[in-house]
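Protein chains in written order, with my numbering: chain D, 4 to 194; chain W, 547 to 804.
Here's the structure, in structure tokens; my notes come after.
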């Protein structure tokens, strides 16, 4: 990414459009800050990596809403979002109430713990889906985006409808196994 | 029921493809079979995330960016390792280079006078580089991160002002003190006295990971302020404690002997 300083709007537009250069730039510039945040609050580097990605996805989803506006610098906003995400995880881990400072609360006031839990759960499911082979991803995507079995069969070059159904089942089973065997699954699905 | 049949039944239920009687039977089963009910919830969530094509694509971009980011960090580390290997293999070349360098140095000593303290400062001073190991308890992270951001962007005047405020709010925080000193040493004009005060505070406190860096910068300040003896004694202390700063401590000590 160019070293030019970006405005908050440029960052948000970049995220909204999924611009890889902007995402890369955010990594280069702000990843150490989020690692610092999480590590000074009882977390590990891996925790920080997850928080960072979940924060980006959360901002992406918010940025799709036309009423979304940023009234802070991008760093202040991103930092507050990540802090809220990490506090929510920490709250569940330690079973203790974590109080956020007023400034952060003001920025993340719309993100309830319930929303954050949902974001975390869907983030994990997407991540597991992306770990499937590309064939499996395509079969499941076509099936869930309402393609018929014969369309899937033709597209994938499978020999029969029954084989296509079998493949779809095996792919989904694999995905379910990946999700259910993840260490966070139980915690995320327990009400 | 066979796994595949169960999967297909759940999918038909979620897609609204069950007949009225099948739907009744299935809902009855859901009321009594907890495991099946949980599986239906899981499938519903899975369908939701796969149907949301845009977020899925975005997360894919994020995962790839993370991979690229770590790969480029590793590449830098590997490149450093490779450099070390090359350096070892070129041992004899370096010996020769040192001989040539010393000859040139001796020639220069004959031809030119020793560098001034100001020149030595300019030769040895480099801005402190922030790395991922930045740690420490901070009471106001937002301000701190902003200040670090300014420092990284080279906006030292503004970074210095922010670290000054942070230091006033929390005198015991050595990270604030260290970056205040570093910022003031990089701003124009440099504020040597303020930087000196902060480095001395860090050294007196003695627990910060920045003690040896503070000593190094303090020796450079002593030098630029004309106190060669103090600079030398700090450098000797650093040397005794095993902090060599990639050979810079020894080099500077050698130059101070001249």
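We put the CB at the ideal spot given by N, CA and C, even for glycine.
Per-residue burial, residue 681(W) [other beta carbons within 10 Å of its own, 16 or more giving buried]
Note that residue 681(W) has pLDDT 44, beneath the 50 cutoff, so the model's placement of it is unreliable and no number is given.
Taking the alpha carbon of residue 36(D) as the reference point, which residue from 697(W), 589(W), 583(W) has its own alpha carbon closest?
697(W)
Does the beta carbon of residue 105(D) come closer than 8 angstroms to any beta carbon on chain W?
no
So residue 60(D) contacts chain W; which residues on that side make the cut at Cβ distance below 8 angstroms?
601, 604, 605, 608
Would DSSP call residue 586(W) helix, strand or coil?
helix
The alpha helix (DSSP H) spanning residue 745(W) covers which residue range?
738-751
Would you please verify whether the beta carbon of residue 122(D) is less than 8 angstroms from any beta carbon of chain W?
no
Excluding five sequence neighbours on each side, which residues of the same chain lie with their C-beta closer than 7 angstroms to the C-beta of residue 777(W)?
765, 768, 769, 802
Consider the Cβ of residue 30(D): report whether some Cβ of chain W lies at a distance smaller than 8 angstroms.
yes
Is the shortest distance between the beta-carbon of residue 595(W) and the beta-carbons of chain D less than 8 angstroms?
yes
Compute the distance between the beta-carbons of residue 51(D) and residue 41(D), then report whether it is under 8 angstroms.
yes
Could you spell out where the alpha helix (DSSP H) holding residue 200(D) opens and where it closes?
With chain D running from 4 to 194 in the structure shown, residue 200(D) is simply not present.
Between residue 691(W) and the ligand NAP, is the CB less than 7 angstroms from at least one heavy atom?
Inclusion of the ligand NAP in the displayed structure is not the case, the ligand content being empty and no account of it being possible.
Report yes or no: do three or more beta-carbon pairs, one from the stretch 591-607 of chain W and one from the stretch 60-75 of chain D, lie closer than 8 angstroms?
yes
Neighbour list for residue 692(W) in chain D, Cβ cutoff strictly below 8 angstroms
76, 78, 79
Would you give the residue range spanned by the alpha helix (DSSP H) that residue 168(D) belongs to?
164-183
Cβ atoms of residue 663(W) and residue 772(W): under 8 angstroms apart, would you say?
yes
By the DSSP assignment, the alpha helix (DSSP H) with residue 755(W) in it spans what residues?
It is not in any alpha helix (DSSP H) - residue 755(W) carries neither H nor E in the DSSP assignment.
Start and end residues, alpha helix (DSSP H) containing residue 19(D)
11-19
Terminal residues of the alpha helix (DSSP H) in which residue 712(W) lies
702-715
Output yes or no for whether 8 angstroms exceeds the beta carbon distance between residue 786(W) and residue 762(W).
no
CB residue 185(D) to CB residue 127(D), shorter than 8 angstroms?
yes
With DSSP collapsed to three states, give me the class of residue 157(D).
helix
Within 10 angstroms of its Cβ, does residue 166(D) collect 16 or more other Cβ (buried), or is it exposed?
exposed
Thinking residue 726(W) and residue 744(W) are a contact (beta carbons under 8 angstroms), I'd like their distance in whole angstroms, please.
5 angstroms
Going along chain D in order, which residues have a C-beta closer than 7 angstroms to the C-beta of residue 611(W)?
23, 26, 27, 30
Just to make sure I have the definition right: I need the residues of chain D whose C-beta is within less than 8 angstroms of the C-beta of residue 553(W). Which are they?
172, 175, 176
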